[in-house]
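Residue numbers (my numbering): 249 to 553.
Structure (structure tokens):
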């Protein structure tokens with residue numbers, strides 16, 4: 249084989265060196281770009297730091313540029329977050345204990361204040377906010393009775409706590425308090441049983457009173473119904489007797505008129521009815537004189553003597 253010219257070996261070396269240089273430059277550019285560009289999403293809030301100091305708070309969503317190794321970006325969740333507090337014991341105006349379970353809805357309003365107060369840690373922000381919620385609840389419950397806390401002024405209590413806590417949280421933590429709500433209010437376990445027994449006794453007493461009132465009312469209704477039945481029956485009997493009397497009088501008048509028209513025929517029909525009533529069965533026996541008036545029409549159909 250013929251040996252390659254020496255100038256070709258130099259060109260290969262130069263090409264390899266240029267390629268390596270370009271590769272290194274591209275790698276450096278990619279590294280710088282990856283450390284210089286950052287994105288803030290629509291659901292995020294962020295701050296730009298320079299050696300740990302906030303230089304650009306409340307970064308807008310989109311693509312941004314920073315100086316590598318000089319600037320640092322901290323991103324936070326910009327959506328509405330929920331803080332579910334642990335149930336706590338609070339005392340009312342009557343020094344009665346209540347176990348109140350609450351929650352709060354909040355979001356970051358000022359990223360600079362939020363970062364300075366919590367170092368950008370959501371768990372720390374939740375702890376600080378929970379303390380302030382408990383303090384506001386304790387103060388508001390202490391000036392109200394149990395009735396007011398449970399139902400009477402519950403909405404007003406929540407509105408007052410939300411308004412006051414929002415002012416404090418904005419100034420101290422950079423948070424906006426959207427809402428504070430009470431999930432559940434319970435009595436302490438040591439008094440729940442006694443309260444239950446007292447409530448049960450009161451309900452039983454009320455039930456007995458209601459039953460007594462119901463029985464009294466039922467007796468009155470029953471007596472009124474019986475009285476009305478008696479009156480209706482008496483009126484119906486009177487009307488029936490009157491109708492029966494008029495019917496008997498009319499029947500008597502008809503019979504009298506018929507008897508007046510043909511007394512002999514009327515006497516004959518009465519005798520036939522008497523014969524029929526007297527001899528309904530074969531075992532009937534009648535002892536009378538043969539010449540009795542009863543047999544007048546049996547002896548002579550004309551009824552002659």
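Note that the Cβ used here is the ideal one computed from N, Cα and C, for glycine as well.
Under a 10 Å Cβ-count criterion, residue 489 is classified as exposed, with fewer than 16 other Cβ atoms of the shown protein chains found around its own Cβ.
The beta carbon of residue 307 lies closer than 8 angstroms to those of 288, 293, 294, 295, 296, 321, 359 in the same chain, with the five residues before and after it left out.
In the three-state reduction of the DSSP assignment, residue 372 falls in the helix class, which pools H, G and I.
Judged by beta-carbon spacing, residue 376 lies beyond the 7 angstroms limit of residue 354, meaning their Cβ atoms are not closer than that value.
Contact check between the segment 424-439 and the segment 335-352: three or more CB pairs, one atom from each, fall below 8 angstroms, which counts as touching. C-alpha of residue 473 to C-alpha of residue 454: approximately 28 angstroms in a straight line. Straight-line measurement puts the Cα of residue 411 at about 18 angstroms from the Cα of residue 392. Residue 320 is bridged by DSSP to 297.
Nearest to residue 406 by alpha-carbon distance, out of 419, 425, 418, 421, is 425.
Residue state for residue 271 is assigned as helix, using DSSP reduced to three classes. By the Cβ criterion, the segment 377-390 is in contact with the segment 413-430, since at least three pairs of Cβ atoms, one from each stretch, lie closer than 8 angstroms. Here residue 400 is exposed: its Cβ has fewer than 16 other Cβ atoms, across all protein chains shown, within 10 Å.
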